[in-house]
Amino acid sequence: MTENMIVAVDGGPASAAALDWALTRLVARSSGGSSAEPIELELTTVVELGWSPHDVAVSFQPAYERALAAAARHVEERMPGCRRTSYIRHGVPVDELVRASASADLLVIGSNKTGLLAGAVYGTLPLRLAAHAHCPVVVVPATWQPRIGPVVVGLDNDPAGTEALDWAADEAVRLGRGLRIVHSWSIPMTVAVDLGATVPYEDLRAANAEALSTAAQRVRDTRPGLDVVEILETEPAAAALVDASGQAELLVVGTHGRGSVGSLILGSVSHDVLLNLPCPVAVIPRRPDGT
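Those letters in the sequence shown? Residues 0 to 290, by numbering that gives the first Met the number 0.
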């Protein structure tokens, strides 16, 4: 089965990092042997309309074409013979990329985030795209440099939210990396205040540890040979994931769904992680039926 991976191109440094990440992933997966799935790489750029009268905006299309051609040359230099196509879209970037994601298996985009405030500005497109996309979205920081490390994934207590865990486990297998499953838990303030000193801390910790162990064992059973490490934390989930990803090759998080509600609650954890990119972050959408 062929995987369709789309890389958004705009000619900037974040775009270049996203393309290099995609090519590095392609190389790593190709080294996996004959069982590696072939990848169809699509380079896409969006001629942004709306910032100027339509005719004026379209007159700048050659600049987009040059950026796309430069990306295509880079692919040919690094991976001659790579199965690729180039595509020019017209419209609002996030809308066009969301449409593109409907026929993709993975969408890769760069981020110019350089700090929390900058992330609130430059991170808008990745955040909106991750909230609406129909396929997994990988956000690559402009400062990205290749490194070999484990795949880290966040695990929550929602039994329906297994998409991120399964995707991360499969990606770890495809890349030949280990998997680190991070589960962070805490007692809600309302509960803590209401129960006071009677909070059954040890019982709650044991229940969360069991949930983590059960999820990890399912991954081990279905993917023999995969190195799986369980990490149980009590700090805020986003902070725990960022900390655990210090040497990671990829961090994987899930969303709370798509649509009018999903666009507003991408999820505080996913949102915070995307504003503090420790490494490339894959955001996995929940299936519409929530199963």
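Ideal placement from N, C-alpha and C gives every residue a C-beta, glycine not left out.
So the alpha helix (DSSP H) N207 belongs to, where does it begin and stop?
Counting along the chain, the alpha helix (DSSP H) containing N207 begins and ends at Y200 to T221.
On a CA-only basis, which of G80, A103 and Y63 is nearest G90? Give me that one, please.
For the residues G80, A103 and Y63, the minimum Cα distance to G90 belongs to Y63.
Just to confirm the assignment, what range does the alpha helix (DSSP H) spanning P92 have?
Per DSSP, P92 belongs to the alpha helix (DSSP H) from P92 to S100.
Among residues of its own chain, excluding the 5 on either side of S244, which ones have a beta-carbon nearer than 7 Å to its beta-carbon?
Cβ within range, chain order: V151, L250, P277 and C278.
Taking R179 as part of the beta strand (DSSP E), name the residues at either end of that continuous run.
It spans L178 to S183 - the beta strand (DSSP E) in which R179 sits, taken as one unbroken run.
Within this structure, are the beta carbons of H182 and L225 separated by less than 8 Å?
In this structure, L225 does not lie closer than 8 Å to H182 by Cβ.
Compare the Cα-Cα distances from R222 to each of W166, A237, E201 and A130 and report the closest residue.
Ranking W166, A237, E201 and A130 by Cα distance to R222 puts W166 first.
Kindly indicate which three-state DSSP category A7 falls into: helix, strand or coil?
A7: strand per DSSP, three-state reduction.
Tell me which residue opens and which closes the alpha helix (DSSP H) that P125 is part of.
T123 to H131 is the extent of the alpha helix (DSSP H) around P125.
Rounded to a whole number of angstroms, what is the C-alpha to C-alpha distance between T84 and L203?
The alpha-carbon atoms of T84 and L203 are separated by roughly 52 Å.
Does any CB atom of chain B fall closer than 8 Å to the CB of D94?
Judged by its chain identifiers, the structure shown contains no chain B, having just a single protein chain.
Which whole-angstrom value is the C-beta distance of L273 and L126, which I expect to be below 8 Å?
Confirmed, about 6 Å.
Measuring only the C-alpha atoms, how far is D9 from L22?
Taking the straight line from one Cα to the other gives about 17 Å.
Near N275, which residues of its chain fall below 6 Å by C-beta distance, leaving aside the five closest residues on each side in sequence?
So the list reads V241, once near-sequence residues are dropped.
Throw me the rounded Cβ distance for the V107 and A17 pair, which I believe falls under 8 Å.
With 8 Å as the limit, V107 and A17 qualify as a contact, their Cβ atoms being about 5 Å apart.
Pull up the distance between the alpha-carbon of M78 and that of C134, whole angstroms please.
Those two C-alpha atoms are separated by around 25 Å.
Give the secondary structure of P12 by DSSP, where H, G and I count as helix, E and B as strand, and everything else as coil.
Here P12 sits in helix by DSSP.
Taking Cβ positions, are A132 and S110 nearer each other than 8 Å?
Result no, Cβ atoms of A132 and S110 do not sit closer than 8 Å.
Indicate, with yes or no, if the ligand NAD has a heavy atom lying under 7 Å from the CB of C134.
With respect to the ligand NAD, the structure shown offers nothing to examine, as it has no ligands at all.
If you check the beta carbons only, do R285 and E201 fall under 8 Å apart?
Cβ atoms of R285 and E201: not closer than 8 Å.
What residue range is occupied by the uninterrupted beta strand (DSSP E) comprising P140?
Counting along the chain, the beta strand (DSSP E) containing P140 begins and ends at V136 to P140.
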